[in-house]
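To keep things clear, I will list the structure first and then write my remarks on it.
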Amino acid sequence: MKEQVWSGFQLACEGLYIGGVVIACRDGVLEEEVVVIREEEEEEVVVIREEEEEVVVVVAGVTHILNVTPNEKNFFPDRFVYKRIAVDDDSKAKLDKHFNECYSFINNAIQGGGKVFTHCSAGVSRSSTVVIYFLMRSYKLYTDCQ
Numbered sequence: 001m002k003e004q005v006w007s008g009f010q011l012a013c014e015g016l017y018i019g020g021v022v023i024a025c026r027d028g029v030l031e032e033e034v035v036v037i038r039e040e041e042e043e044e045v046v047v048i049r050e051e052e053e054e055v056v057v058v059v060a061g062v063t064h065i066l067n068v069t070p071n072e073k074n075f076f077p078d079r080f081v082y083k084r085i086a087v088d089d090d091s092k093a094k095l096d097k098h099f100n101e102c103y104s105f106i107n108n109a110i111q112g113g114g115k116v117f118t119h120c121s122a123g124v125s126r127s128s129t130v131v132i133y134f135l136m137r138s139y140k141l142y143t144d145c146q
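See below:
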């Protein structure tokens, strides 16, 4: 059974994290925060800190980052495999046309033994929508709503 200690960085399912670390660090809200996810004897630690105005994300085992913003920098292209989905934070933005691409990126990473951190600016709208789509499709949670 997993226990999440700090809620600013969420584990959505095995291998998939969600958050809004970029804007939080840029605003100086987070100088250093730690997430510990405990499962029996194993521990995964997520450390988020600001160093010289750059965001450093160190997540045990994360190999891929899905950046769902049009302008935020992919901070460490030499350390992570990035995928950018350039969608504005706007209610009229067409995020659904990117669902299959996002699903494939996340699914391929997890199936290959990797872990994915998905983020937008605040971790509330775009990244959450992508993660919800991934979960619904993965677990076949369909709705009749159109």
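1 is the number of the first residue of the sequence shown in the UniProt record's numbering; add one for each residue after it. Using N, Cα and C, we set each Cβ at its ideal position, and we do this for glycine too. Only a predicted model underlies this, so the values are computations on that prediction, with no experimental measurement involved.
Within the stretch 84-120, the complete alpha helix (DSSP H) segments at least 4 residues long are 99-111, listed from N- to C-terminus. As computed with DSSP, Leu66 is found in a beta bridge with Lys83 and Thr118. Beyond the five residues adjoining it in sequence on each side, Gly114 comes within less than 6 angstroms, by CB distance, of Thr63 and His64 in the same chain, given in chain order.
Taking all protein chains in view, the Cβ of Tyr142 is surrounded by fewer than 16 other Cβ atoms within 10 Å, so the residue is classified as exposed. CA-to-CA, the gap between Thr69 and Cys102 works out to about 13 angstroms. In the DSSP annotation of this structure, the continuous segment of the alpha helix (DSSP H) that includes Ser128 starts and ends at Arg126 to Ser138.
Excluding residues up to 5 positions away in sequence, Tyr103 and Ile106 lie with their Cβ nearer than 6 angstroms to the Cβ of Phe134 in the same chain. Selection Gly20, Ala109 and Leu11 evaluated against Ser125 yields Gly20 as nearest (Cα-Cα). Using a 10 angstroms sphere on the CB of Tyr17, the tally of other CB atoms reaches 16 or more, which defines it as buried. Exclusion of the five residues before and after Arg84 leaves Asn67 and Asn74 as the residues of its chain whose Cβ lies within less than 7 angstroms of its Cβ. The alpha-carbon separation between Ser128 and His119 amounts to approximately 8 angstroms. When only Cα atoms are considered, Phe76 and Gly112 end up about 20 angstroms apart. Looking only at Glu72, Asn100, Asp78 and Gly15, the smallest Cα-Cα distance to Asp89 is reached by Glu72.
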